[in-house]
Amino acid sequence: MNAVSVDGLSMTYRVPVREAGLKAAFRSLVHRRYREVQAVRDLSFEIPHGQVVGLLGPNGAGKTTAMKLMSGLLHPTAGSVDVLGFTPWQRRTPFLKQIALVRGSRPTGGAQELTVLDSLQYQRVLYGIPDTDYHAGLDELIGLLGLGPLLHRQLRALSLGQKMRAGLALSLLYRPKVLFLDEPTLGLDVSAATAVRRFLAEYTGQSGATVVLTSHYMADVESLCRRLILVDHGRVQYDGPLERLSAQLSPYKLLRISAPAATKENFEGVAEAVATHGVSWELRVPRDDIARVTAHLLTTLDVIDLAVEEPSLETVLDRVYREGL
Amino acid sequence: MKLLKLFATSFSLSLRQALTFRANLVFDAVLSGVALASTIATVLIIFSRTGRLAGWTQPEVLVLIGTFELLSGVKTTFVDPNLAGFPTRGVRQGQLDHHLLQPAPSMFLVSFATAAPLAGVQILLGFAVVLAGAGTSAHHPGAGAFGAWALLVLAATLTTWAVGILFASLAFWAPRLDLHSLFGSVWQLARYPADLYARPLRRLFTYVLPLAVIASAPTRALARPGSPALLLGALATTAAAVLAATVVWRAGLRRYTGAGG
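Heads up: the sequence lines are chains A and B, in that order.
With the first sequence counted from 1, adding 748 to any position gets you this note's numbering.
With the second sequence counted from 1, adding 59 to any position gets you this note's numbering.
The structure is reproduced here in structure tokens:
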């Protein structure tokens, strides 16, 4: 059985529009015009229990709207969503006790004057967590997230990285079965982002929770997700394993070659030189030509080192976002 | 039961926070005392010139002042910290998103997430003035009158909260509209006897903005006991205000599309 099933999901926002200028501003007072923005259109996918899925796409692709629909914040215009057997936007108590939405833009909700420990105690009452489970879960989260020094500090006094750690503790204290992570490393420095990533990898491995993650940082996706769903203009553009994404979406491979005597002319008509560092060259070669080009270079140049690589996820996605599939 | 436990937890957490600032407690007590003393002094000056004010005797006006002070304390302790700034904090900055995904009614969570317990000093001072006023009343109110007063104070508390929710709910239609300060200004009109106002205003404060049930109705129940119509009318007004708040809140939530980002 699937933890999350999304079928034909669409969401349209009605937003007011007005032309530039004072006259148009006055006209809009009496005659308002609207346009419809389709944030999500006909989205369908299924996520089995325990799977960690990356929901990727450029800005405005509809990822956050999809997250809000799946977590129950929004009612869709069309389609259906089933999360753990519930319709999310009905926001039934048993459903809300089994899911968590963690947003990098707002890691901690609730009263910001409370300390981290006070907020955790409030969560215990709100979610009806038995005392023994609360203390065991708290100890575990304090250890994994290094929360000890933060427990007695007010939420509003925490740095962004600390807020994210506190936000994760607050959301995971009641052990949700489905976790929606919307840009969990947004704005964090390298160390804080690495710590959050390490924690999430460890937590998902231990808890078996189903996770849907959106992020613009490929390191998040590569370290956590085996499956990617690529969304653009509100539609699913790719749904499959992370490893297959490059092969499917990029018609090129990267050929790194070290050849002291090589010049740009050696590669003309053979491959596209995209970068050079001293005696090393980075070449872009069509997938089907990789064997032929490699053989050609080995016979015509004095090669010290050669490696064939898939283009980075970042490069592939950048090309897909700019040029489409 | 769970909601009561949540309310107690959130109040206890706020109290723990507040008690760490002892100076604030002292200042709050002093300021509340000074404000109350100046109001009482004004009343005593007025009654040194006249025996009645719009038909109200001095002990009745003291009960009214005490009741208003007590209810103001309740408003400042529970309603203002949560509902003032709701359009900005709740709707535009997305705190409502957070409450919507918590397993408890959103209207409850928005209303009782935090509290300003030090303002509770006002409640105690108000109650003391009510006792002083009732003690000097010619009617010598008994337990029944105090029971009716307590019931109507509870009804007035609910009405205050419901009106606060109604004002806050308007943010679903106009997110930049924060009418809580307007609510605060209008609220101040409840400190005077309802009979003091001309008939059109009195009708407005009874049927449109239920200010008459805030302090005047409980005071009447205590100072002039034995009016079931007053009791039933005030309770009906409270029920209508709570119902209206619930309906408008739900309608607003249906429009809500979440904060951006």
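We put the beta carbon where it would ideally sit given N, CA and C, even for glycine.
Please read these numbers as outputs of a predicted model, since none were measured by experiment.
Separation of glycine 876 of chain A and leucine 160 of chain B (C-alpha to C-alpha, rounded to the nearest whole angstrom) is 15 Å.
Relative to arginine 250 of chain B, the option among B/Leu238, B/Leu213, B/Leu270 whose CA is nearest is B/Leu270. Listed in chain order, the non-local C-beta contacts of alanine 221 of chain B below 6 Å within the same chain comprise Ala300, Val301, Ala304, local neighbours out to five positions each way being set aside. Around proline 989 of chain A, the same chain offers Arg974, Arg975, Leu976 as residues with beta carbons nearer than 8 Å, after the five sequence neighbours per side are excluded. Annotated three-state conformation of isoleucine 847 of chain A is strand, per DSSP. Assignment of beta-bridge partners to isoleucine 224 of chain B by DSSP yields no partner. Residues are counted here when their Cβ sits less than 8 Å from a Cβ of chain B; for the segment 799-820 of chain A these are Thr812, Lys816, Ser819, Gly820, given in chain order. Methionine 815 of chain A is positioned such that its CB atom lies no closer than 8 Å to that of proline 855 of chain A.
DSSP places glycine 802 of chain A in the uninterrupted beta strand (DSSP E) bounded by 800-804. In its chain, beyond the 5 residues on either side, Val138, Leu142 have a beta carbon closer than 6 Å to the beta carbon of glycine 223 of chain B.
If one requires a minimum length of 3 residues, the beta strand (DSSP E) runs lying completely within the segment 823-879 of chain A are 826-831, 847-851, in chain order.
When CB distances to chain B are screened at a threshold of 7 Å, the residues of the segment 830-846 of chain A falling below it are Arg839, Thr841, Leu844, Lys845, in chain order. Residue-level contact check: glutamate 784 of chain A does not touch chain B, since none of the beta carbons of chain B fall below 8 Å from its beta carbon.
When rounded, the separation of the alpha-carbon atoms in leucine 899 of chain A and glutamine 910 of chain A is 11 Å.
Look at tryptophan 1029 of chain A here: in three-state DSSP terms it is strand.
With respect to the C-alpha of glutamate 1016 of chain A, the residue from A/Glu991, A/Arg992, A/His1044, A/Pro999 having the closest C-alpha is A/His1044. The straight-line gap separating the alpha-carbon atoms of aspartate 937 of chain A and alanine 809 of chain A is approximately 25 Å. Residue-level contact by beta carbon fails for glycine 827 of chain A and chain B, as no gap is shorter than 8 Å. For alanine 859 of chain A, the chain B residues whose Cβ falls inside 7 Å of its Cβ are Ala172, Thr173, in order along the chain. Counting other Cβ atoms within 10 Å of its Cβ, proline 140 of chain B reaches 16 or more and is therefore classed as buried. Shown here, aspartate 1053 of chain A sits in a strand according to DSSP, grouped into three states.
Counting the other CB atoms within 10 Å of its CB gives glutamate 128 of chain B a total of 16 or more, which places it among the buried residues. In the structure shown, threonine 933 of chain A falls within a coil segment according to DSSP collapsed to helix, strand and coil. A distance below 8 Å separates the beta carbons of glutamate 1030 of chain A and alanine 1023 of chain A.
Residues of chain B with a Cβ closer than 9 Å to the Cβ of valine 873 of chain A are, in chain order, Lys61, Lys64, Leu65, Ala67, Thr68, Ser69. Here lysine 64 of chain B carries a helix assignment [DSSP, helix/strand/coil].
The closest CA to that of valine 1051 of chain A, considering only A/Ser1060, A/Arg840, A/Val752, A/Ile1005, is found on A/Ile1005.
Segment contact: the segment 103-122 of chain B against the segment 189-196 of chain B, three or more CB-CB distances shorter than 8 Å; contact assigned. The C-alpha of alanine 174 of chain B is placed about 10 Å away from the C-alpha of phenylalanine 66 of chain B. Per DSSP, the unbroken alpha helix (DSSP H) holding methionine 166 of chain B starts and ends at 165-171. In terms of Cα proximity to phenylalanine 186 of chain B, the closest of B/Arg151, B/Phe205, B/Leu225 is B/Phe205. One alpha carbon belongs to threonine 278 of chain B, the other to leucine 183 of chain B, and they sit about 17 Å apart. Looking at A/Gly769, A/Lys771, A/Asp755, A/Ser792, the one whose alpha-carbon comes closest to that of glutamine 985 of chain A is A/Ser792. Relative to the Cα of alanine 1021 of chain A, the nearest Cα in the group A/Leu1002, A/Met749, A/Arg904, A/Ala787 belongs to A/Leu1002. The C-beta of arginine 780 of chain A comes no closer than 8 Å to any C-beta of chain B. Residue pairing for valine 765 of chain A: DSSP places it in a beta bridge opposite A/Arg781.
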